[in-house]
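The next block holds one structure in the form of structure tokens; read it before the comments.
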Amino acid sequence: MRNFRYPPIMSRQSTGTLVVDVTTDPTLTALRPIADVPVTIKQQTSTGERVIAQLKTNGNGQTPPLSLSAPSEELTQSPQTVETPFSSFIVEVNAPEYISTVVNGTQIFANTRSIQPIQLISSEQPILFTASRSKGMRQQTDEITIGPPTLYGDYPPKIPESSIKNVSSPGFVVLPEVVVPEFVIVHTGTPSNNNAPNYSVLFKDYIKNVASSEIYPTWPLETIRANVVAIISFTLNRVYTEWYRNQGKNFTITNSTAFDHAFFYGRDIFDTISLQVDRIFDTYVKRPGVEQPLLTQYCDGAKSTCPNWMTQWGSKALGDEGRSYEEILRYYYGSEITFPQAPVVSGVPESYPGTPLRLGDSGPAVRTIQEQLNRISNNYPLIPKVRTTGNFDEATQEAVKTFQQIFHLNPDGIVGKDTWYKISQIYVAVTKIAELTP
-1 MRNFRYPPIM
9 SRQSTGTLVV
19 DVTTDPTLTA
29 LRPIADVPVT
39 IKQQTSTGER
49 VIAQLKTNGN
59 GQTPPLSLSA
69 PSEELTQSPQ
79 TVETPFSSFI
89 VEVNAPEYIS
99 TVVNGTQIFA
109 NTRSIQPIQL
119 ISSEQPILFT
129 ASRSKGMRQQ
139 TDEITIGPPT
149 LYGDYPPKIP
159 ESSIKNVSSP
169 GFVVLPEVVV
179 PEFVIVHTGT
189 PSNNNAPNYS
199 VLFKDYIKNV
209 ASSEIYPTWP
219 LETIRANVVA
229 IISFTLNRVY
239 TEWYRNQGKN
249 FTITNSTAFD
259 HAFFYGRDIF
269 DTISLQVDRI
279 FDTYVKRPGV
289 EQPLLTQYCD
299 GAKSTCPNWM
309 TQWGSKALGD
319 EGRSYEEILR
329 YYYGSEITFP
339 QAPVVSGVPE
349 SYPGTPLRLG
359 DSGPAVRTIQ
369 EQLNRISNNY
379 PLIPKVRTTG
389 NFDEATQEAV
399 KTFQQIFHLN
409 PDGIVGKDTW
419 YKISQIYVAV
429 TKIAELTP
């Protein structure tokens, strides 16, 4: 294993940005932004909680970007646990007719935008919720606690297991092909803890949550991509092999780092990570002659070591050297691995046509986008309505840009794979045309 050197830490204050995104819970009802909601940002001090800002959401259910203090970015560039490399805030949301929500531990990193999703539950919602929420007595406040990133906090290291599962044993059931599921069910405990709650989470949201919990958003772009692909491949292996369901469990994956990945229900997501997940959410690691995605296990490389796996800090150093994500992953998992895209993406009305749609294009795919954007604009009225002509005109380009701004994509007005599938995801969420619980 290579020995990597890191620059000395230069501690100084910086700033990051926070946007709070308030919607209905799409696992309980059709997705809708909640406008004009009071949002309070607080910080814990030695004498109690201090109010930093009081905001209100706009027509998209979002607060204006708020600049907040954060430790120096240098603290995220080398492994250390002395100085905290992020600042923590409390986000409180109180809306009439909804259960109040308090998030403890929203994380702000230097030079990074944090997106804090808040999914409010109607106060009239029946007590027995779906799989996305714990069942039990209704509470006056939905309290969410976000733990520290695994690179900084104290978490058990991954227990090694075979990276290619033996699926030929009698009674072992696998999927017929690699599929990106619409949802994964996350068990918030070890596999043997039958009392831990399960959460039903959209696949891409799950990957964003894990990556935001396990790497720093200030790392090189190719390092972020390498870690995201490793998380995707690991997760798709669990999905393809029905690993826990073959053991009689009712979940897809756990949030125990000893077995799977860190996951914190309701945590904030970082823009640098979110953009990459939307672009490469169906890319995984594969060995020649093996159908199943590789179970890409890894460790941090500082607090724990893993000679045959990727180390997160090692991937960061390789990214600093200018290596691509493919080069980083091949360095650790072998030069023979490939990076296919899953042939099936579940929960979407139509698959991506294969080439980006842009100003001047025409055809059925353009009409599909126009129809879906018009339906989405019923719930998100700041997206302008367009004529469904099948011609990608300037009005369609403007609607696409507005959609991209609302949903934290690059607002270039081009419908690439990331925008196509995000439009599909939101269209399904606002129309409820797909089954929302696995």
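Just so we're aligned, residue -1 is where the sequence shown starts under our numbering, counting upward by one.
Glycine is no exception: its CB is placed at the ideal position from the N, C-alpha and C atoms.
{"Query": "For Gln274, tell me which candidate among Leu234, Lys202 and Glu289 has the shortest Cα-Cα distance.", "Result": "Lys202"}
{"Query": "Taking Gly317 as part of the alpha helix (DSSP H), name the residues at either end of that continuous run.", "Result": "Gln310 to Asp318"}
{"Query": "For the putative contact between Ile267 and Lys314, defined by C-beta atoms under 8 Å, what is the C-beta separation to the nearest angstrom?", "Result": "At roughly 20 Å, the Cβ-Cβ gap does not stay under 8 Å, so Ile267 and Lys314 are not in contact."}
{"Query": "Measuring CA to CA, which of Asn193, Ala194 and Tyr204 is closest to Phe181?", "Result": "Tyr204"}
{"Query": "Please state the DSSP three-state secondary structure of Ser211.", "Result": "helix"}
{"Query": "So, helix, strand or coil for Asp23, using DSSP?", "Result": "coil"}
{"Query": "With DSSP as the reference, identify every bridge partner of Glu141, one or two as the case may be.", "Result": "Val100"}
{"Query": "Hey, quick one: how far does the alpha helix (DSSP H) through Tyr329 stretch, first residue to last?", "Result": "Tyr323 to Tyr331"}
{"Query": "Please state if the CB of Ser85 and the CB of Ile106 are separated by a distance shorter than 8 Å.", "Result": "yes"}
{"Query": "What residues are listed by DSSP as bridge partners for His185?", "Result": "Asn196 and Thr252"}
{"Query": "In whole angstroms, give me the CA-to-CA distance for Ala129 and Val199.", "Result": "Low confidence applies here, because Ala129 scores a pLDDT of 41, under 50, leaving its location unreliable and the question unanswered by this model."}
{"Query": "Do you know how far the Cα of Ile162 is from the Cα of Ala33?", "Result": "48 Å"}
{"Query": "Here's a check: name, in chain order, each residue in its chain whose Cβ is nearer than 8 Å to the Cβ of Pro379, leaving out the five neighbours to either side.", "Result": "Gly57"}
{"Query": "Check Val364 in the structure and name its three-state DSSP category.", "Result": "helix"}
{"Query": "Can the beta-carbon of Leu316 be found less than 8 Å from the beta-carbon of Val283?", "Result": "no"}
{"Query": "Tell me, please, whether the CB atom of Gly414 is closer than 8 Å to any CB atom in chain B?", "Result": "Among the chains in the structure shown there is no chain B, since it carries only a single protein chain."}
{"Query": "Just curious, the alpha helix (DSSP H) that Lys383 is in, first and last residue?", "Result": "Looking at the DSSP string, Lys383 is not in any alpha helix (DSSP H), and its letter there is neither H nor E."}
{"Query": "Is the CB-CB distance between Pro31 and Gly59 below 8 Å?", "Result": "yes"}
{"Query": "Under 8 Å, with one C-beta from each stretch per pair, do the stretch 392 to 410 and the stretch 342 to 354 reach the 3-pair mark?", "Result": "no"}
{"Query": "From Thr429, Glu47, Cys297 and Gly358, pick the residue whose C-alpha is nearest to that of Gly411; which is it?", "Result": "Gly358"}
{"Query": "Assuming the contact rule is C-beta atoms closer than 8 Å, Gln368 and Thr394 should be a hit. Round their C-beta distance to whole Å, please.", "Result": "6 Å"}
{"Query": "Give the straight-line distance between the Cα atoms of Pro504 and Asn306, rounded to the nearest whole angstrom.", "Result": "Residue 504 falls outside the range modelled here, since the chain spans only -1 to 436, and no answer is possible."}
{"Query": "Roughly how many whole angstroms lie between the Cα atoms of Leu16 and Val165?", "Result": "45 Å"}
{"Query": "Whether or not the stretch 291 to 304 and the stretch 243 to 258 are in contact is what I'm after, with contact meaning three or more pairs of Cβ atoms, one per stretch, closer than 8 Å; do they touch?", "Result": "no"}
{"Query": "With DSSP as the reference, please indicate the residues paired to Glu47 in a beta bridge.", "Result": "Gln42"}
{"Query": "Within the continuous beta strand (DSSP E) that includes Ala68, where are the two ends?", "Result": "Leu64 to Pro69"}
{"Query": "Report, in whole angstroms, the separation of the C-beta atoms of Val101 and Gly264, which I expect to be a contact under 8 Å.", "Result": "6 Å"}
{"Query": "Between the Cα of Gly287 and the Cα atoms of Asp19, Gln41, Leu53 and Glu334, which residue gives the shortest distance?", "Result": "Glu334"}
{"Query": "Less than 7 Å between C-beta atoms, sequence neighbours within five positions excluded: which residues of the same chain meet that for Arg223?", "Result": "Gln274, Ile278 and Tyr323"}
{"Query": "In the structure shown, what three-state DSSP assignment does Leu53 receive?", "Result": "strand"}
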